[in-house]
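K.L.:
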Amino acid sequence: MLNLSVLLEDGARNQPERDAIVFGDMRLNYALVDMIANQVANLLVSRGVRPGDRVAIACPNVPYFPFVYFGALKAGAVVVPLNVLLTPREIEYHLRDSGAKALFAFTGTPELPLGERAWKAFHEVAECEVYVDLPATAGATESAIEGAETFWAALAGQPGEFESVRTEADDTAVIIYTSGTTGQPKGAQLTHNNLLFNAVSSSAMFDQAPDGHDVFLTVLPLFHIFGQTTMMNAALYRHGTMVLMPRFDGDEALSLMEREGVTLFAGVPTMYWGLLNARGEHDIEKISRTLHTAVSGGAPLPAEVSRRIREKFGIGILEGYGLSETSPVVSFNNPKRKAKPGSIGLPIWGVEMKLVDENFETVEGEGPGEIAVRGHCVMKGYHNRPEANAQAMRDGWFRTGDIARRDEEGFYFIIDRSKDMIIRGGYNVYPREIEEVLMTHPQVSLAAVVGVPHDTHGEEIKAFVIPTEDATITEQELIDWSKERLAAYKYPRLVEFRSELPMTATGKILKRELR
C-alpha cells in the first residue's frame with residue numbers, strides 16, 4: 122500500500138503546529154491543512170466519487186490547491202491539475218479526455234475569469250457530475266457564479282477526520298497534461314510511487330536550513346509537475362513551510378524572501394531574469410543570509426543569467442532537468458558534488474540516462490543524441506494513448522525529445538529540443554547556442570531564437586530580443602556583432618526587438634508563437 126497523501130499526514134502527526142502554508146496574511150498549520158483535506162475527502166465520497174475516479178482542479182497557487190489535491194488522494198481518486206489559462210474549449214477537452222467526474226475551479230478575477238470558463242466547460246461534459254467553486258474570498262458561502270456551490274458551503278458539516286483509501290504504489294495518483302506543442306495534449310499517468318520517490322529524491326538533493334526548518338517560495342505553478350514535486354511535495358516531505366505566490370513578480374518575490382526568511386527557491390530561467398530586473402528597494406544582504414538553495418529547471422538556463430545571480434546574491438544556481446512524463450526530476454547538479462555550469466547534471470538516484478538516435482539505438486561517447494530515461498520517475502504511460510506509448514517508450518526507456526551531449530564524467534548538457542532545432546542549408550543549428558552568445562552582449566536582456574521559412578535555405582535564423590532599458594544598439598548592429606562570434610551558418614540574419622516575449626503560465630518562452 123502507498124498513498125501520496127502520507128506527505129501531508131506525516132507533517133500533521135509530527136509538526137501539527139508548524140506553518141504548512143503562508144499566503145498573504147494567512148498562516149495555516151499542518152493540522153489545519155490536513156483537517157480540511159479530510160473534509161474534501163469526505164465531500165468527494167459523499168458525492169459518489171470512488172477510488173480511481175478523476176478529480177480535476179483548475180486553481181492558481183492558493184491554499185485551495187493542496188486542500189483539494191490531498192483530499193482527492195485521500196479518497197483514492199486521481200488528481201487532474203489544469204492550467205489556469207485554458208479556454209472553455211480546452212478545459213472541456215481535458216475533462217473529456219481524462220474522464221473527470223468532479224471539477225474544482227477557482228473563481229478568478231475580472232481580468233482572469235477562470236470560474237466562468239470552467240463553469241461553461243463543465244456543462245458541456247455530462248460525465249463530469251460535481252462542480253465546486255473555489256471563491257476568491259476566503260470563507261465565502263455564496264458563489265459569484267450563478268448556480269455554483271462554493272467550497273466552504275460544500276464542506277459545511279463534513280467531518281474533519283478521514284482514513285485514507287488504500288492505494289497501491291503503481292496506481293495512478295495524478296494525470297499531468299503535456300503542453301500539446303505537437304498536437305492535442307496528452308495525459309501522463311504518474312503513480313503514487315513515481316511522485317513519492319521524486320519528492321524524496323528532490324528533498325535529498327537540496328541543502329537543509331541549519332535549524333531544520335526550510336521555507337520554500339512556491340511560485341512555480343502547482344498545476345505543473347515542477348512546482349508540484351519540488352515545491353509542494355518535497356516541502357511537505359521535510360515538514361517545511363510553503364510561501365504561496367499565485368503569479369511571479371520579481372519585486373514581490375524578493376519582498377517575500379526578505380519577509381519570510383525564504384531558504385529555498387526554484388524557478389524557470391525567466392524568473393531568475395525577473396529577479397535580476399526587479400526595480401524595488403530590497404535588502405539583498407538579508408535575503409542572501411537565509412537563501413541557501415536556488416534551483417532552475419523547465420528550460421535551459423543562460424550562463425549569463427547564472428553568472429549575474431551569483432554576483433548579486435552570492436549563490437550558485439543548481440540546474441536540473443525533467444519532464445511531465447518523468448515526475449519530473451531526471452537529473453540534477455547535486456550540491457554535494459561540484460556542479461558544472463550549463464550542465465543538467467547527473468541522473469538522480471535510481472534513474473538511468475542514455476543517448477539514442479532516431480531509431481532508438483544507443484549513441485556511445487559524447488553524442489549528440491536524444492536523451493532517453495529509465496527508472497522510478499518514468500510515467501506509467503499516456504492516458505488512453507497506446508500509439509503514443511509505443512512511439513515514446515521501449516523496454517522501460519522513455520524518449521524525451523531533448524538533444525544533449527555527455528562529457529567524460531557522465532554530465533549531460535542540453536543542446537536543444539529536437540523540435541526546436543533549425544536546419545539551415547543542410548546544417549543543424551541549435552538555437553540555445555545562439556541565445557547564449559546573444560545574452561553576453563551588455564545591451565541584451567533576454568533572447569529567443571527560432572527558425573523561420575526561407576525559399577532557398579529551408580529555414581533562416583531569427584532572434585527575438587528584449588534589449589536593456591538603456592540600450593542604443595540597433596538590430597543590424599546586433600547582427601553584425603553576432604556574425605563575429607558565430608559560424609557563418611549560425612549567426613541570425615534577422616533580429617527583432619520586443620518589449621516582452623510570449624510565455625507559458627510556467628514562464629517558458631513560447632517559441633511556437635514566435636514562429
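Going from the sequence shown to my numbering is simple: count from 1 and add 121.
A virtual CB, placed ideally from N, CA and C, is assigned to each residue, including glycine.
Keep in mind the model is a prediction, meaning the values are calculated, not measured.
What are the start and end residues of each continuous beta strand (DSSP E) run of 3 or more residues lying completely inside the region 610-636, in chain order?
P.N.:
615-618
K.L.:
Answer with buried or exposed for H244, where buried requires no fewer than 16 other C-beta atoms within 10 angstroms of its C-beta.
P.N.:
exposed
K.L.:
Taking 8 Å as the threshold (C-beta atoms), are S323 and A294 in contact?
P.N.:
Contact check for A294 against S323 fails: the beta carbons are separated by 8 Å or more.
K.L.:
Let me confirm a value: T414 is counted as buried when at least 16 other C-beta atoms fall within 10 Å, else exposed. Which label applies?
P.N.:
buried
K.L.:
At the level of alpha carbons, what is the spacing between F92 and F144?
P.N.:
Within the shown structure, residues of the chain are numbered from 122 to 636, placing residue 92 beyond reach of any answer.
K.L.:
Per DSSP, what are the beta-bridge partners of D140 in this structure?
P.N.:
N150
K.L.:
For the beta strand (DSSP E) that contains T312, what are its first and last residues?
P.N.:
Per DSSP, T312 is one residue of the beta strand (DSSP E) stretching across 308-312.
K.L.:
Only counting the same chain, and skipping five residues up and downstream in sequence, which positions put a Cβ closer than 8 Å to that of R458?
P.N.:
Within the same chain, Cβ atoms closer than 8 Å to the Cβ of R458 are found at L467, the five residues on either side in sequence being excluded.
K.L.:
Going along the chain, which unbroken runs of the beta strand (DSSP E) with 3 or more residues stay wholly within the region 173-233?
P.N.:
As summarised for the region 173-233, the continuous beta strand (DSSP E) elements at least 3 residues long and confined to that stretch are 175-179, 199-203, 221-227, given in chain order.
K.L.:
May I have the straight-line CA-CA distance separating E596 from R614, to the nearest angstrom?
P.N.:
10 Å
K.L.:
Based on the DSSP output, what are the partners of A568 in its beta bridges?
P.N.:
When beta bridges are read from the DSSP output, A568 appears opposite V586.
K.L.:
Could you tell me which of D591, I535, D601, L385 sits nearest to P489, measuring between CA atoms?
P.N.:
I535
K.L.:
Per the contact definition of three or more C-beta pairs closer than 8 Å, is the region 490-498 in contact with the region 473-480?
P.N.:
yes
K.L.:
On the criterion of 16 or more Cβ atoms from any shown chain inside 10 Å, does D537 qualify as buried, or is it exposed?
P.N.:
buried
K.L.:
Which two residues bound the contiguous alpha helix (DSSP H) that contains F386?
P.N.:
Run containing F386: none in the alpha helix (DSSP H); it sits in the beta strand (DSSP E), 385-388.
K.L.:
Between which residues of its own chain and T302 is the CB-CB distance below 8 Å, once the five residues before and five after are set aside?
P.N.:
Per-residue confidence for T302 stands at a pLDDT of 45, beneath the threshold of 50, marking its modelled position as unreliable; no derived number is given.
K.L.:
Indicate, with yes or no, if the ligand SAH has a heavy atom lying under 7 Å from the CB of W602.
P.N.:
You won't find the ligand SAH in this model; it holds no ligand whatsoever.
K.L.:
Confirm, please, whether the CB-CB distance from G192 to L165 is below 8 Å.
P.N.:
yes
K.L.:
Hey, out of A226, T262, V253, E213, whose CA is closest to A247's CA?
P.N.:
E213
K.L.:
Alpha carbons only, please: which of H562, P563, A584, T561 is nearest the one belonging to G572?
P.N.:
A584
K.L.:
Are the CB atoms of P202 and F344 nearer to each other than 8 Å?
P.N.:
yes
K.L.:
For the pair the region 251-258 and the region 266-273, tell me if three or more CB-CB distances fall below 8 Å.
P.N.:
yes
K.L.:
Is W394 helix, strand or coil by DSSP?
P.N.:
helix
K.L.:
Which of the three DSSP states is assigned to E485 in this structure?
P.N.:
coil
K.L.:
With DSSP as the reference, label T302 as helix, strand or coil.
P.N.:
Confidence is the limiting factor: at T302 the pLDDT is only 45, short of 50, which leaves the residue's position unreliable and the question unanswerable from this model.
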